[in-house]
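Residue numbers (the numbering used here): 375 to 690. Glycine included, every Cβ here is placed at the ideal spot set by N, Cα and C. The structure displayed is predicted, hence computed values, not measured ones. Worksheet for the structure shown next.
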């Protein structure tokens, strides 16, 4: 049965497809990286746009840069379930909203879907809408209601229910409505620790669901900046802690991805332009179809070469 959130990427090279069989659990495959970000370009961009009547926050810039990164780097938006690698149909971001900055304030997890074409203006609008809809102490979203139903059950029933859902997910039988509500079925999870004046961390990736990347945005702090001529001066910056599932992309791909992200954050004006529409079910299926044809052609050429080499060897 087909999954509601993605299609198996059978075109991937055999070595990569083997990785989920070697590293069976997500915690076996967690790698960590950090991205040091200079605050100056982002602050200048926010001030420049404010003078033009457009109000953006640091979180707007960070989220817009992640959406743009995913639109340019399709391999980021894969996931693994049942030892199989899938291409995801949508680009979905999850994060926690605390309903009031107080220790006992209620929390909820929200998800926002993107197709990759969004400019920072589009991202900011979507972010404001979801925060406004979920930032009331009395407000409940679909996920809150689902969790409330589960937590009202006795412990043994809840354990059995979660185990049953995990089994359904493993075999691609999870109901679409549950996948859409689940915070564990997203492209990435973000924690904006900067908002609560906490530094970055390396957050684990869940073994249940399809989250492949976790970004923890740390607080701003004073840093030493070196200029091109060798002078050193004080500046402000922050660190993003990144935890990733290494099984569906190689190290070079991730290293180049981090360089691209660093460039986006150094030139946030690029986010004013619309991105490439990358994530709809139709687009993803068409890409998979094309890549499968390319793989078939490569294999046919390889078989031809092997056959010719055997003929030459037999003649000798």
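Roughly how many whole angstroms lie between the Cα atoms of residue i and residue j?
i           : j           : result
residue 723 : residue 459 : Look at the range of the chain in this structure, 375 to 690, and you will see that residue 723 is not part of it.
residue 590 : residue 405 : 14 angstroms
residue 443 : residue 685 : 48 angstroms
residue 546 : residue 407 : 31 angstroms
residue 644 : residue 500 : 19 angstroms
residue 658 : residue 393 : 23 angstroms
residue 632 : residue 449 : 13 angstroms
residue 587 : residue 672 : 31 angstroms
residue 682 : residue 664 : 27 angstroms
residue 594 : residue 655 : 38 angstroms
residue 679 : residue 669 : 15 angstroms
Can you tell me whether residue i is buried or exposed? The criterion is at least 16 other CB atoms within 10 Å of its CB, across all chains shown.
i           : result
residue 424 : exposed
residue 562 : buried
residue 627 : exposed
residue 559 : buried
residue 635 : buried
residue 485 : buried
residue 622 : buried
residue 478 : At residue 478 the pLDDT is 48, less than 50, meaning the model places this residue with poor confidence; the figure from the coordinates comes in the next sentence. Counting Cβ neighbours within 10 Å, residue 478 comes out exposed, since fewer than 16 surround it.
residue 596 : exposed
residue 605 : exposed
residue 583 : buried
residue 438 : buried
According to DSSP, is residue i helix, strand or coil?
i           : result
residue 566 : coil
residue 613 : strand
residue 571 : coil
residue 466 : strand
residue 376 : coil
residue 608 : strand
residue 682 : helix
residue 669 : helix
residue 579 : coil
residue 460 : strand
residue 382 : strand
Just curious, the beta strand (DSSP E) that residue i is in, first and last residue?
i           : result
residue 600 : 595 to 600
residue 591 : 587 to 591
residue 488 : 481 to 488
Between which two residues does the alpha helix (DSSP H) containing residue i stretch?
i           : result
residue 543 : 529 to 544
residue 620 : Run containing residue 620: none; DSSP gives neither H nor E here.
residue 496 : 494 to 508
residue 390 : 388 to 396
residue 631 : 625 to 640
residue 650 : Run containing residue 650: none; DSSP gives neither H nor E here.
residue 550 : 550 to 555
Following a CB-centred definition, is residue i positioned closer than 7 angstroms to any heavy atom of the ligand HEM?
i           : result
residue 575 : By its list of ligands, the structure shown contains no ligand whatsoever, and the ligand HEM lies outside what it can speak to.
4-residue-minimum alpha helix (DSSP H) runs that sit fully inside the stretch 401 to 451, ordered along the chain | As far as the stretch 401 to 451 is concerned, its whole alpha helix (DSSP H) runs of at least 4 residues are 413 to 425, 432 to 446.
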